[in-house]
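J.: I'd like to ask you about the structure that follows.
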Amino acid sequence: KLQLLVENSVLLTVLSHQESEGKELDSKKRNLEHKFENAREQNVMLQKVKLELLEMNRELRFELTEGEEREKALKSEMEILHMKLEDLQKTNLMFQEENHKVLEEKNSLIKSVSELKDAKSAAEDENSVMFHEALNLKSLSMVYESFFIEKVFEQKELSKHLSDLHSMNNNLKQELGLLREQFEAKEAENVYLK
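As C-alpha cells, then:
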C-alpha cells in the first residue's frame, strides 16, 4: 500500500510536470502562432508594397522614356528653328544689300534727272537766245538770209533735241517712281521680317 502511494505520488508528480510542460508548450505554440500571423501579415504588406513599388518603377520608366523622346523632339525642333533663323538672317542681309544697291541707283537717277533738268534749262536758254538772234537777223540785209535759214534749221534740231530730253525726263520720272515703290516695298518687308 505504501508502494502504491509512492507510485501514485510519483505519477502525480510526473503528470503535474507533464501538465506544466504542456501548458508551457501551448504558450510557446500560441506565441509562435502569433509571430507566424504577424510575419504572414507583414509578408502580405511587404508584397503589396513591392507591387506598388514595381508599378511606380514602371510608371517612372515610362515617364523617363517619354521625357527622353520629348527631349529628342525638342532638340530636333530647335535645330530646325536654328536653321530657319540662319536662313532668315541670310535673306535679311541679302535684302539689306539689295536695298543699298537700289538706294545707290535711286541717288544716281536723281543726279541724272537733275543734270537733265540743267541741260534742258540750258537748251531752252540757248534756244531763246538763238530765236531772238534769228529775229534780229531777219531785219538785216538779204545777205544774211542764208545764215538766218541755217539758224532756223538749228533751232528745229534743238527743239527736237529738247523734245527728246523731255520724253527722256518723263521716262526717268516713271522709272524713278517704280524704283521708289520697290524700295518702299522692300523696306516694309524688312520691317516685317524683323
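With our numbering applied, the sequence shown corresponds to residues 7 to 200, in that order. Glycine is no exception: its CB is placed at the ideal position from the N, C-alpha and C atoms. As the structure is a prediction and not an experimental result, all values here were calculated from the model.
How about the stretch 161 to 175 and the stretch 116 to 131: do they share at least three Cβ pairs that are nearer than 8 Å?
T.: Yes, the stretch 161 to 175 touches the stretch 116 to 131.
J.: I need the straight-line Cα distance from K56 to E74, nearest angstrom please.
T.: 26 Å
J.: Give me the Cβ distance between L185 and L115, rounded to the nearest whole Å; I'm assuming they're in contact under 8 Å.
T.: 7 Å
J.: Roughly how many angstroms separate the alpha carbons of E85 and A191, rounded to a whole number?
T.: 31 Å
J.: How about the stretch 157 to 167 and the stretch 125 to 138: do they share at least three Cβ pairs that are nearer than 8 Å?
T.: yes
J.: Do A129 and L178 have their C-beta atoms closer together than 9 Å?
T.: no
J.: In chain order, what residues of the same chain have a beta carbon less than 8 Å from the beta carbon of E104, not counting five sequence neighbours either side?
T.: K192
J.: Pick out whichever of L11, N133, S152, E187 has its Cα sitting closest to the Cα of Q161.
T.: N133
J.: Rounded to the nearest angstrom, what separates K96 and H106 at their Cα positions?
T.: 15 Å
J.: Determine the direct distance from the alpha carbon of N196 to that of E187, and round the result to whole angstroms.
T.: 14 Å
J.: Hey, L99 and F189 are a contact pair by Cβ (cut 8 Å); roughly how many whole angstroms apart?
T.: Going by Cβ atoms, the distance from L99 to F189 rounds to 17 Å, so no, they are not a contact pair.
J.: Which ranges does the beta strand (DSSP E) cover as unbroken runs of at least 3 residues, wholly within the stretch 86 to 169, from first to last along the chain?
T.: none
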